[in-house]
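Numbering (our numbering), first residue to last: 6 to 284.
Cβ coordinates follow ideal geometry from the N, Cα and C atoms, glycine included.
It should be emphasised that the depicted structure is a prediction, and the values quoted were computed from it without experimental measurement.
First the structure, in the form of C-alpha cells, and then the observations on it.
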Amino acid sequence: MKIFNSEQLAGFNRDGYLIVRGLFTEEEIGLLGETARNDHAMDQASSTMDDGKGNDVRLSLWNHPGDGVYGMVARCRRVVDGVEDILGDEVYHYHSKMILKDAKVGGAWAWHQDYGYWYQNGLLFPDLVSVMIAVDPATRENGCMQVLRGSHRMGRVNHALSGEQAGADPEQVEEACKRLETVHCEMSAGDALFFHSNTLHCSAANNSDHSRWALICCYNTRSNDPFKESHHPGYTPLSKVDDDMVLKVGRDDARRSSVAFANLVEEDQSAKSLASEGA
6 MKIFNSEQLA GFNRDGYLIV RGLFTEEEIG LLGETARNDH AMDQASSTMD
56 DGKGNDVRLS LWNHPGDGVY GMVARCRRVV DGVEDILGDE VYHYHSKMIL
106 KDAKVGGAWA WHQDYGYWYQ NGLLFPDLVS VMIAVDPATR ENGCMQVLRG
156 SHRMGRVNHA LSGEQAGADP EQVEEACKRL ETVHCEMSAG DALFFHSNTL
206 HCSAANNSDH SRWALICCYN TRSNDPFKES HHPGYTPLSK VDDDMVLKVG
256 RDDARRSSVA FANLVEEDQS AKSLASEGA
C-alpha cells in the first residue's frame, strides 16, 4: 500500500527526515502511553546511560516486535509500508525502543547518526529508517529531537563514546552545524518522524515539568542483511498487520499486558560496540 506521494519522498531524500502529523489517533496514542506507563516489566528492564553532562538517559529496547500494542504499532501498514516507500525494498524489524525522558531528570542525547554504530553490526549499507512516534508532546522545553537538515548526504561520520553514549566526531558536527539548518522537531502526541540512519540528530535534556516519552521503531532492508551476528537480528520476514489492529489490541487489556514485554526486552549495546572496537 502506497503511503507517501512523490513530493513527500523527494522531501525525505533531500532533508533526511519527514514528519507525519497525526499518524496515530488520540485514542491509539493514549492507549500506547497508558500501556507503557503501567508496564512494570518495561520500567524494571529499562537501562540508563550517562549523557556526559551529569544526567542520565533512560530507555527500554527489544528486538522482536511481538503481538502486543507495541508490536501492532511497529507492524502496522501505515508505518511499515511508509518505510518501504522510502527505502524501495522489503524491510524487517531491526529493533524498537521506548525513550523514557522523564520531567526534570531526562538527560540529553549527543549528536549522532544511528548508522554511526549500526554499521559495526555487519550492515554494509545505511539502508535503514527509524520512525519516532511521539507518545507525549515533544517541545523545545522538554527536549524534542533536533536534526541537521540534509546531513544524511554527508555519509557516515566517525563516532566515539560521549559519556556512555555514541557521539559523532565533534569537529565534523561543528562544521555541519555551520552549513546545515538545525530543525527542532516539535510534535504532538501521535505525530511521527521518519528519519534516515545517517541523519545527524540529538536532543537536549528535559528541564520541563512534562515527560517526553517516544517509541522508536527501526527497520532494515532485506537486501542489507548483516554479514555477521550482533545484538540486533538479521533478516526475518515481518508480518504486517492492518492499521485497525493498533486499536483492537490496544483496547484489550490482556493482550497489551506487560507479560509479553518481559519476553522481548534486550540490553542496548550500541555504544558498547564502539568501546569494543577501540573507537
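Please state whether DSSP places GLN118 in a helix, a strand or coil.
-> coil
CA-CA distance, LEU128 and VAL88?
-> 18 angstroms
For GLY76, which residues of its own chain have a beta-carbon under 6 angstroms away from its beta-carbon, when the five flanking residues on both sides are left out?
-> PRO70
Which partner residues of GLY111 appear in the DSSP bridge assignment?
-> ASP61
With a cut-off of 8 angstroms, do at least 3 Cβ pairs link the stretch 95 to 112 to the stretch 211 to 222?
-> yes
Chain B contact for GLY93 (CB, 8 angstroms cutoff) = In the structure shown, chain B does not exist; there is a single protein chain.
Supposed contact pair LEU153 and PRO104 - C-beta distance, whole angstroms, cut 8 angstroms | Sequence inspection shows Ile at residue 104; the Pro mentioned does not correspond to that position. Not confirmed; about 19 angstroms, so no contact.
Alpha carbon of GLN151 to alpha carbon of GLY160, nearest angstrom | 18 angstroms
Go through its chain and collect everything with a Cβ distance to LEU185's Cβ below 7 angstroms, but skip five positions before and after it.
-> LEU153, ARG154, GLY155, SER156
Ordered list of alpha helix (DSSP H) runs contained in the stretch 120 to 169, each at least 4 residues = 120 to 123
Does DSSP classify THR40 as helix, strand or coil?
-> helix
Should MET6 go down as buried or exposed, given a rule of 16 or more other Cβ atoms within 10 Å for buried?
-> exposed
For ASP72 and LYS58, the rounded distance between their alpha carbons | 38 angstroms
Which term fits GLN49, buried or exposed, when burial requires 16 or more other beta carbons within 10 angstroms of its beta carbon?
-> exposed
Who are the Cβ neighbours of THR144 in its own chain at under 7 angstroms, not counting the five residues just before and after it?
-> GLU191
For ALA2, which of helix, strand or coil comes out of DSSP?
-> Because the chain spans 6 through 284 in this model, residue 2 falls outside it and cannot be assessed.
Can you list, in chain order, the residues of its chain whose CB lies under 6 angstroms from that of ASP86, leaving out five sequence neighbours each side?
-> MET6, ILE8
Figure out for me which residue from ARG42, LYS245, GLY27, ARG256 has the closest Cα to the Cα of ARG82.
-> LYS245
To the nearest angstrom, report how far apart GLY93 and TYR224 are at their CA atoms.
-> 12 angstroms
Local Cβ density within 10 Å of SER11, reported as buried at 16 or more and exposed below that | exposed
Name the DSSP beta bridge partners of GLY172, please?
-> ALA165
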